[in-house]
Every structure is written in structure tokens, then in C-alpha cells.
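*Asks:* Quick one: the structure is below, questions incoming.
There are 2 protein chains.
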Amino acid sequence: MKLQQLRAFVKVLESGSFSEAALELGISQSTLSYTIGELERELGIKLFERGRFGAVATDAGRAIESHVRTMLRFENAIFQEASLAKASIEGYLRVATFRSVASQILPSIMAAFKRQFPDLVLELIEMECGRDALKQALDRGHCDVAVSQVSEDELDIEDNTLHWELMRESYVAILPKSQAAKLEATTAALRAAYPEQARAEQADYAISWRQLTDYAPIMHGGHNCGELIQARLERALVTVPAIQLVRDDFTSMELSAQGLGVSVMPRLASYPLHDGVIRVDIVEPLRRVIEVLLLPSSLKIPAARLLLNALKQRFPESSLPTFNVRQPVKVEPLTNNEAVSYRRFIN
Amino acid sequence: MKLQQLRAFVKVLESGSFSEAALELGISQSTLSYTIGELERELGIKLFERGRFGAVATDAGRAIESHVRTMLRFENAIFQEASLAKASIEGYLRVATFRSVASQILPSIMAAFKRQFPDLVLELIEMECGRDALKQALDRGHCDVAVSQVSEDELDIEDNTLHWELMRESYVAILPKSQAAKLEATTAALRAAYPEQARAEQADYAISWRQLTDYAPIMHGGHNCGELIQARLERALVTVPAIQLVRDDFTSMELSAQGLGVSVMPRLASYPLHDGVIRVDIVEPLRRVIEVLLLPSSLKIPAARLLLNALKQRFPESSLPTFNVRQPVKVEPLTNNEAVSYRRFIN
DNA sequence: CGGCATCTATCGAACTTTTGGATAGATAGT
DNA sequence: ACTATCTATCCAAAAGTTCGATAGATGCCG
Chain U
17 MKLQQLRAFV KVLESGSFSE AALELGISQS TLSYTIGELE RELGIKLFER
67 GRFGAVATDA GRAIESHVRT MLRFENAIFQ EASLAKASIE GYLRVATFRS
117 VASQILPSIM AAFKRQFPDL VLELIEMECG RDALKQALDR GHCDVAVSQV
167 SEDELDIEDN TLHWELMRES YVAILPKSQA AKLEATTAAL RAAYPEQARA
217 EQADYAISWR QLTDYAPIMH GGHNCGELIQ ARLERALVTV PAIQLVRDDF
267 TSMELSAQGL GVSVMPRLAS YPLHDGVIRV DIVEPLRRVI EVLLLPSSLK
317 IPAARLLLNA LKQRFPESSL PTFNVRQPVK VEPLTNNEAV SYRRFIN
Chain D
17 MKLQQLRAFV KVLESGSFSE AALELGISQS TLSYTIGELE RELGIKLFER
67 GRFGAVATDA GRAIESHVRT MLRFENAIFQ EASLAKASIE GYLRVATFRS
117 VASQILPSIM AAFKRQFPDL VLELIEMECG RDALKQALDR GHCDVAVSQV
167 SEDELDIEDN TLHWELMRES YVAILPKSQA AKLEATTAAL RAAYPEQARA
217 EQADYAISWR QLTDYAPIMH GGHNCGELIQ ARLERALVTV PAIQLVRDDF
267 TSMELSAQGL GVSVMPRLAS YPLHDGVIRV DIVEPLRRVI EVLLLPSSLK
317 IPAARLLLNA LKQRFPESSL PTFNVRQPVK VEPLTNNEAV SYRRFIN
């Protein structure tokens, strides 16, 4: 078996066609055909179903996918260790996450990370936001680290995937200043009814989901989970008014300031606050937990440990520990010779 | 990077010399030198310190060892998946354990396992009995599965190594029938003093460690942890009489029957009981836990799952779950195309 | 139904890499 | 200083890989 065959295998898997994979690999189609053919011959199984449509993996092909990717992951880890020994870090790191984190949270962190380790190629893979999809991406070896969203009541994980909470985010409502007086009247009563809302970061006003439905919702396309909020609004009221989608935080605050509706956005995104609006806590707050996921074996990848450390620095409150950059596995001077000489076979 | 280089790397690591490794690999010394040289050139680091003595890994060499072995482990997993698709299972499985388990417990299981999967090469690696040593063997990739011993109060494991209790073994004393009457007199009192001893598998007699030291201990060379028992005996009495070492269970019972001393052996080993002896519970029993250890990633190796299932069958009381032989990771028809088309780079 | 477009497989020659024997260099022990 | 035991290098032969050309297979569409 050869690594080149495995690299070709993955490329075909991803591009779904020999010809295109060959193009991307910069080799001829005949070479690629020969390469995959050799691998299949050695394994004694067919890896791809070929046809007019291109190439699609057989059951057996899918069965080995994650193993192949694991091997390539560790090839990368070896390059990273080697570059570490030369006091730099080369290689790549693939981070999978969903749209809002990919667009709002990671860019600044990864840019800083990139500045610190310029020779590392960072790859951000955008996927659906469900934890299951991201966990599968890890299992299949599509990425090294994943950042997913999970609701507060589903934090546990049944298998041995590692996961740490990065932050817990609550959404706030943004309403025009003109509504301040009206809200002032109800805020005290609401606070009393929902005491758990009392926290350091408390806003001057509070509102209930029921009240919120008096306004036209302005959804933020960037970092809220549209369905989550929409579902919650629908629970409070039968029909939800037509929703406007906006891309920029300040734009949506501007719309709110103009009295065009209520913006719902993660608390963090509401700083700095637009002059014409007020920040309003939503009682029975809807919160989501942003968590990092990775396979235990990914901890062996130096760049992954570095990224986790960077995340810990950015989110000091998170449950992340800090990792040693240098081999976390202690290598004792026990010579392999000893282990080997004791070896015997059962035949 | 090429797998052949990695295989050569491991062989040099294990044999401690280029010449011998070349011999074992069946290639010439010059070829091996060139192979390792190429790898070093590509990584840009020196992997071995060479000299009159042979070759010994540098820090960098040791740093990549576990990654290299992981890659080879998964290469093996790929072959196993491929053979599974052909309704057999080829490849190898390396099990590390310590002497008594290697000689007394595993052979029958592994022989049966071997009969079931004749094309699988089983490798039994014998090491020291400490859990730490075996865990390190796993971490460094010297084996796929480890079976270790641990005392009852150290069951927890801090990192994410998987571990399941196979069996909990208590030792019994074997004494000549002539001692029955004498023991009968004290057994009831001892049972009352140590009620936790009352169990289904209870023997007809009980004895304390203090009383045990009246007899010459006959140690069983095969499956007790000599030091463990000796230390316990010494705690009960200042000096322990000279110890006789015996290899066969029935032989040591024979010695006890002849009134030559007391045998101490794991309960399981005392079946069937020799006619001339009695089985005696030791109060404040000394127990050891035999557990299976493996890395989470080893669960991906089909043969490892098969072996765990075989162990579960042999030890139905153990905490082991039963694994699916076929890919434990569900592979959904989500095409990689989708994931890839979303991909973008941060540069 | 048949031509067309779009795949992959195969062939043979050019090219690249790998291999092994011979030899040189390095080093520790005697 | 000699010897034994390592690894590195050189070079020619062997082996493996690559590519363009071409053939074969298959679904699409008029």
C-alpha cells in the first residue's frame, strides 16, 4: 500500500470522478486509473463503482474512508512534529463548523492564530450547524477539530468524542428607543417572574417572547440559528410576521432604530449598541452552547493542541484545559528492543 | 512521504541498527540507508543518531514514533476491512499483557479466536504487569489492545484510554485435608469478623493472613503476582519462610496435600480441586482486577472489536459491551461533494 | 435507434525511482 | 595501529510510474 494511492483515493472520493480528481492532483487520468487500480488489486476489493456518472465509493470504499483519512491526518501530524523540531509549525489544520461561528467567531481567532503560525495552512470547512453532522465529519476524518452548537439540555455525548464548552450565548432583542417607556412598565414584573435572568450582564429592559411577537422580527443572517428563534417565536404566537433577513449587525440595529421591527441577535453581537435602540433581555432566554469537538486521537496533532490553546486564551471562561505543545505522551527511555525481544507469535 | 519509509523507520527503531533492520526487511543495507535518508531529507530533521553502536532515535525520531505506528495500525485496519468485505479477516492484531495473563488466561481465548479467524495473525507481546507500562505500549503504538492488572483501589484512569474490567480475581489458600478440623474451629468466628467475605462462591473454610504464615508458602509461578502476595504475607508476619516456586496448579496442590505448605492461587485456578486438599478463603481478601485497555481509535480496528467480543463471551460478567463487527461509524449518504464545495481557505 | 458526449481502462514508450553490490568513511575496542 | 562493526555514497541494472493515444462502456437525446 502506498500513501499516494490513499491520497488519490480521497481525491476521487471528494471529486466523485476520476477525470476531475486527476485534474486536481495534476496527474493524467490514466495514471490515476492505474493508481486506484493497483490499490484495489492489492486489497482485493473494488473501491469505486464507475460509470458514465463518474465514480462513487462502494460499501467497502466507504468502510475504509475514515481509516485512510486517519492515516493522512497522522502523516500531517508527522510533518508538524518535524517542523516543531525546527521551531516552526508547518502542515495544515482543518476546522469544521457552521455558518454563524465560521463567519462571526472563528475568523478573528484564526486570523490571529495564523499570524502566530504563518506556515500553518488553516482550512475552514463550513457545514450544517447540528452537532451530529459535525461529529460525523470528525468520524469520517473530514476535519481535525469541529466547533458545533448544541442546546443547553443536550450537552452530554455518548461516545468518547472530546468536547468542551467554549461559550454559552443568549440572544437579546433590539428595539427602538421609543419603546423604552412602554417596556419600563413591564420589566420589573417580568424580572420578578423570571428571577434566574438576574445576572451581571443584565440589560435595562426585559421582554417576554409573547410580547416580542408584537414586532416584526428582523433576523440576522450571520450568527443566529434562524430556525431556533423562529420556532421559539412560533411557540409564543401562532403566526410569525414575515421575516427580514439582514447580514450586518449594525444594519439590523439601524432597521430597529427606524421602528421597522425587532432584531434578535446574540448578546455579544449587540456591542456597541446603536444610539437609537435599546437592548432588551428576553425572559426564558433562549441559549445555545458553542462547543469544541474532537476525537481523542486529534489531541496528538500539534496544531490542534495549539488551536485549542488559542481558543482557551480567547475564551478563558471555557472548560478547555491548556495543552502542552510538545508531545503530550511521555516517551520513556524504555528501549523498544526489550519489548521486541519478548515478543512471540501464536500460530 | 511513503509508507515503505515508515515501515523501515519502525524496523530500525525496533532493531536498533540499520544493518539488522535491513536483514529483517529483506533488503540491502544501502537501500535502507537511502530510504531513511530520503525520509529525513523530506522532513528536514534527523531521525536517528548513528554510530558504531548502530542507530538510536533522536528526540524528533521519538516524537514521531507514535504517529508512524498509528499510520501503520490503520493500514492494517484497511486490510482488515478489505478482507471483511470478502467475508474473512486478514491482518494482524497485537495484544500486550503481562506474564500471568499471557500464560494462563489469554492462550485458550486466543487459540479459540484463532480457530475462528484463521487468517488473522495474533501477536502476544509480554511486558511488565503495571498498568502504566501497558498504557505506554498503547500510546506508543506497540500494540492494539492491552490487558493489564490493577488493584481494586486504582480503577480510575485520568486520560481517555478506554478500559473495561474483565474479571476480579481473589486468591484462595490451599491446605491439606488434615487441617480441616483445626480450621473448622476458627472459620465461623472469622466469617463473623469479616462479613463482606460472604458470597456465593464461598469456600467451606476461612483463614486469616496471620494464620497463613504458620505454613510454608508455595508460590505459583504462573498466575499470581508473587510480589503482591509476598508483600501481604510480610505485612502479616515479620519474616516469610522460604518460598517454593511451582509452575503447575495441580502440582502445587499436590505439594499442599503432602503437607508441604500452603498454596496461594487465584480462585479460578483451584478448580478442579485436588482430593487431598481443602480450599480456604482468605479473609481481608487480596484481589486484583484484570482489565482490558485500548485507545479509542483502536475500536476502529475490526479485529480489535472481534477480540473484545470474544473476551466478552468468555467473561460474560465483565463490563465489556458487545461491538458491531461492521463499521461502528454510520456512514450517511451525505456526499463529500457537498462538504467540499463549501470549503474555503484562510490565507 | 444511432450518434454524441463523457466517463474509465489499457497499451506501450519515455521517464523516474528504487535497488543492491562494491567501496569508502567513521568510530570504538583491543 | 589494527580490527571489527557500523552507515553513507556511487553507479549501473531493475523496477515502477507516468503520459498521450486509443479503445471500450454507458447514458442522453434527437
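Protein chains in written order, with my numbering: chain U, 17 to 363; chain D, 17 to 363.
Where is the CB? At the ideal position from N, CA and C, for every residue including glycine.
Note that the coordinates shown come from a computational prediction; the quantities given were computed from them, not determined experimentally.
1) Can you pull out the residues from the segment 312-340 of chain D whose beta carbon lies closer than 7 Å to at least one beta carbon of chain U?
2) Would you say residue 185 of chain D reaches chain U, if we count a Cβ-Cβ gap shorter than 7 Å as a contact?
3) Could you check the C-alpha separation between residue 221 of chain D and residue 201 of chain D for me, to the nearest Å?
4) Could you spell out where the alpha helix (DSSP H) holding residue 204 of chain U opens and where it closes?
5) Taking 7 Å as the cut-off, decide whether the C-beta atoms of residue 162 of chain D and residue 112 of chain D are in contact.
6) Please name the residue in D:91, D:168, D:87 whose C-alpha comes closest to that of residue 93 of chain U.
7) I'd like the span of the alpha helix (DSSP H) that includes residue 83 of chain U, first residue to last.
8) What does the Cβ neighbour count give for residue 261 of chain D, buried or exposed, with the cut at 16 atoms within 10 Å?
9) Please list, in chain order, the chain U residues whose beta carbon lies closer than 7 Å to that of residue 42 of chain D.
10) Leaving out the 5 sequence neighbours to the left and right, which residues in its chain are closer than 6 Å to residue 348 of chain U when beta-carbon positions are compared?
11) Below 7 Å between beta carbons is the criterion; list the residues of the segment 42-60 of chain D that meet it against any residue of chain U, in chain order.
12) List, in order along the chain, the chain U residues whose C-beta lies closer than 9 Å to that of residue 17 of chain D?
13) How would you label residue 338 of chain D, buried or exposed, when you count the other beta carbons within 10 angstroms and need 16 or more for buried?
14) Using a Cβ-Cβ cut-off of 7 Å, state whether residue 86 of chain D counts as contacting chain U.
15) Determine contact between the segment 169-178 of chain D and the segment 262-272 of chain D, defined as no fewer than three beta-carbon pairs at a distance below 8 Å.
16) In the DSSP assignment, find the unbroken beta strand (DSSP E) run with residue 64 of chain U in it and report its ends.
17) When you compare only the Cα positions, how much space is there between residue 23 of chain D and residue 182 of chain U?
18) Return the first residue and the last residue of the alpha helix (DSSP H) that residue 49 of chain U is part of.
19) Specify, as a first and last residue, the run of the beta strand (DSSP E) that residue 293 of chain U falls within.
20) For residue 98 of chain U, return the contacting residues in chain D, with the cut-off set at a CB-CB distance below 8 Å.
21) In terms of residue numbering, what span does the alpha helix (DSSP H) encompassing residue 267 of chain U cover?
22) What do you get for residue 134 of chain D, buried or exposed, if any count of 16 or more other CB atoms within 10 angstroms of its CB means buried?
23) Quick one: grab the DSSP three-state call for residue 309 of chain U.
24) Can you pull the chain D residues whose beta carbon is under 8 Å from the beta carbon of residue 102 of chain U, in chain order?
25) With the cut-off set at 7 Å, would you say residue 145 of chain D and residue 120 of chain D are in Cβ contact?
26) Have a look at U:124, U:276, U:341 and flag the residue whose alpha-carbon is nearest the alpha-carbon of residue 194 of chain U.
27) For residue 322 of chain U and residue 55 of chain D, I'd like the C-alpha separation in whole angstroms.
28) Going along the chain, which residues of its own chain have a beta-carbon closer than 6 Å to the beta-carbon of residue 357 of chain U, five neighbours each way excluded?
*Replies:* The structure says:
1) 312, 313, 316
2) Counted from its first residue, the second sequence places residue 185 of chain D at position 169. By this cut-off, residue 185 of chain D is not an interface position.
3) Translated into the one-based positions of the second sequence, residue 221 of chain D becomes position 205. Translated into the one-based positions of the second sequence, residue 201 of chain D becomes position 185. The alpha-carbon atoms of residue 221 of chain D and residue 201 of chain D are separated by roughly 10 Å.
4) For this step, residue 204 of chain U is matched to residue 188 along the first sequence. Looking at the DSSP string, the run of the alpha helix (DSSP H) that includes residue 204 of chain U is 196-209.
5) Counting from 1 along the second sequence, the entry for residue 162 of chain D is found at position 146. Counting from 1 along the second sequence, the entry for residue 112 of chain D is found at position 96. Yes.
6) Here residue 93 of chain U refers to the residue found at position 77 of the first sequence. Here the closest residue by C-alpha is D:87.
7) Taking the first residue of the first sequence as 1, we reach residue 83 of chain U at position 67. Residues 75-101.
8) By one-based count along the second sequence, residue 261 of chain D stands at place 245. Counting Cβ neighbours within 10 Å, residue 261 of chain D comes out exposed, since fewer than 16 surround it.
9) As a position in the second sequence, residue 42 of chain D is number 26, starting the count at 1. Correct list: empty, because the minimum Cβ distance to chain U is about 17 Å.
10) Stepping through the first sequence from its first residue, residue 348 of chain U is reached at position 332. Legend: pLDDT at residue 348 of chain U = 49, less than 50; position of this residue unreliable, no value from coordinates given.
11) 59, 60
12) Here residue 17 of chain D refers to the residue found at position 1 when the second sequence is read from its first residue. Neighbours of residue 17 of chain D on chain U, chain order: 19, 91, 94, 95.
13) Here residue 338 of chain D refers to the residue found at position 322 when the second sequence is read from its first residue. A residue is called buried once 16 or more other Cβ atoms fall within 10 Å of its Cβ, and residue 338 of chain D, having fewer, is exposed.
14) Within the second sequence, residue 86 of chain D is the residue found at index 70, counting from 1. Output row for residue 86 of chain D: interface = yes.
15) no
16) In the first sequence, residue 64 of chain U corresponds to position 48, counting from 1. Unbroken beta strand (DSSP E) run through residue 64 of chain U: 64-67.
17) For the purposes of this step, residue 23 of chain D is taken as residue 7 along the second sequence, with counting starting at 1. For the purposes of this step, residue 182 of chain U is taken as residue 166 along the first sequence, with counting starting at 1. The straight-line gap from Cα to Cα measures roughly 40 Å.
18) Position 33 of the first sequence, counted from the first residue, corresponds to residue 49 of chain U. Where residue 49 of chain U is concerned, the enclosing alpha helix (DSSP H) stretches over 45-59.
19) Position 277 of the first sequence, counted from the first residue, corresponds to residue 293 of chain U. Taken as a continuous stretch (DSSP letters only), the beta strand (DSSP E) holding residue 293 of chain U covers 293-298.
20) As a position in the first sequence, residue 98 of chain U is number 82, starting the count at 1. Correct list: 59, 60, 61, 76, 80.
21) Within the first sequence, residue 267 of chain U is the residue found at index 251, counting from 1. From DSSP, the alpha helix (DSSP H) with residue 267 of chain U extends over 265-273.
22) Along the second sequence, one-based indexing puts residue 134 of chain D at 118. Exposed.
23) By one-based count along the first sequence, residue 309 of chain U stands at place 293. Reduced to three states, the DSSP call for residue 309 of chain U is strand.
24) The count along the first sequence starts at 1 and reaches residue 102 of chain U at position 86. By Cβ distance, chain D contributes 60, 61.
25) Within the second sequence, numbered from 1, the residue matching residue 145 of chain D stands at position 129. Within the second sequence, numbered from 1, the residue matching residue 120 of chain D stands at position 104. Going by C-beta atoms, residue 145 of chain D is not nearer than 7 Å to residue 120 of chain D.
26) Here residue 194 of chain U is taken as the residue at index 178 of the first sequence, counted from 1. Closest option to residue 194 of chain U, Cα to Cα, is U:276.
27) Here residue 322 of chain U refers to the residue found at position 306 when the first sequence is read from its first residue. Here residue 55 of chain D refers to the residue found at position 39 when the second sequence is read from its first residue. Distance between the alpha carbons of residue 322 of chain U and residue 55 of chain D is about 25 Å.
28) Residue 357 of chain U sits at position 341 when you count from the first residue of the first sequence. Legend: pLDDT at residue 357 of chain U = 31, less than 50; position of this residue unreliable, value from coordinates given subsequently. So no residue of the chain qualifies.
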